[in-house]
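*Asks:* The numbering of the sequence shown is this note's numbering, which starts it at 2 and goes up by one.
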Amino acid sequence: MNAYAKPLPAINEQSRPYWDAAKAGRLELPRCDHCGAFHTYFEPWCSHCGGEGVHWERLSGRGRIWANCRFHKVYFSGFETDVPYNVAMVELEEGPRMVTNIVGLKHDVLDEMPIGMEVEAVFDPVTPEVTLVRFRPSKRTP
Ligand SMILES: [Zn+2]
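#1: Hey, V91 and V84 are a contact pair by Cβ (cut 8 angstroms); roughly how many whole angstroms apart?
#2: Please report the distance separating the alpha-carbon of S78 from that of H35.
#3: Under 7 angstroms: does the beta carbon of G96 sit that close to some heavy atom of ligand 1?
#4: With C-beta atoms as the reference, is M114 less than 8 angstroms away from N69?
#5: Which residue wins for smallest C-alpha separation from D21, given the options T82, D109, E58 and G117?
#6: Is the number of C-beta pairs between the stretch 101 to 111 and the stretch 124 to 143 that are closer than 8 angstroms three or more?
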């Protein structure tokens, strides 16, 4: 029985490399063969230059909080016991931005996750198939 009651991604041929990498503890994203832009969507074409063809590339997993908020409304019943919870957009050091959660905060308040704070990826296996990429405050020393 699967105890994880939150929505899960529908893994398909285009997105499988992302999920396989996350399961193995790596953050990988598709990168355009032509202009080099990273994508956070899983299509074989580039919305930046219109080119066709992408390859998968490993990213450092390091970034900074670009936007933050807390969700107080229950959009899916699986989140009933979590509200309020944080949602952040992290700008990775390679450029792309990901919507995620920040973990490892003491009280889970926005003051603990200010815009610009350095974060690093952590890999959260929520089911045997799906590992979610979340971020925690960076352990790097300034
Ligand atoms: Zn491109």
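Backbone N, C-alpha and C fix where the C-beta goes; we use that ideal spot for every residue, glycine too.
*Replies:* Looking at the coordinates:
#1: Not a contact, Cβ separation roughly 21 angstroms.
#2: 42 angstroms
#3: Distance from the C-beta of G96 to the nearest heavy atom of ligand 1 is not below 7 angstroms.
#4: yes
#5: E58
#6: yes
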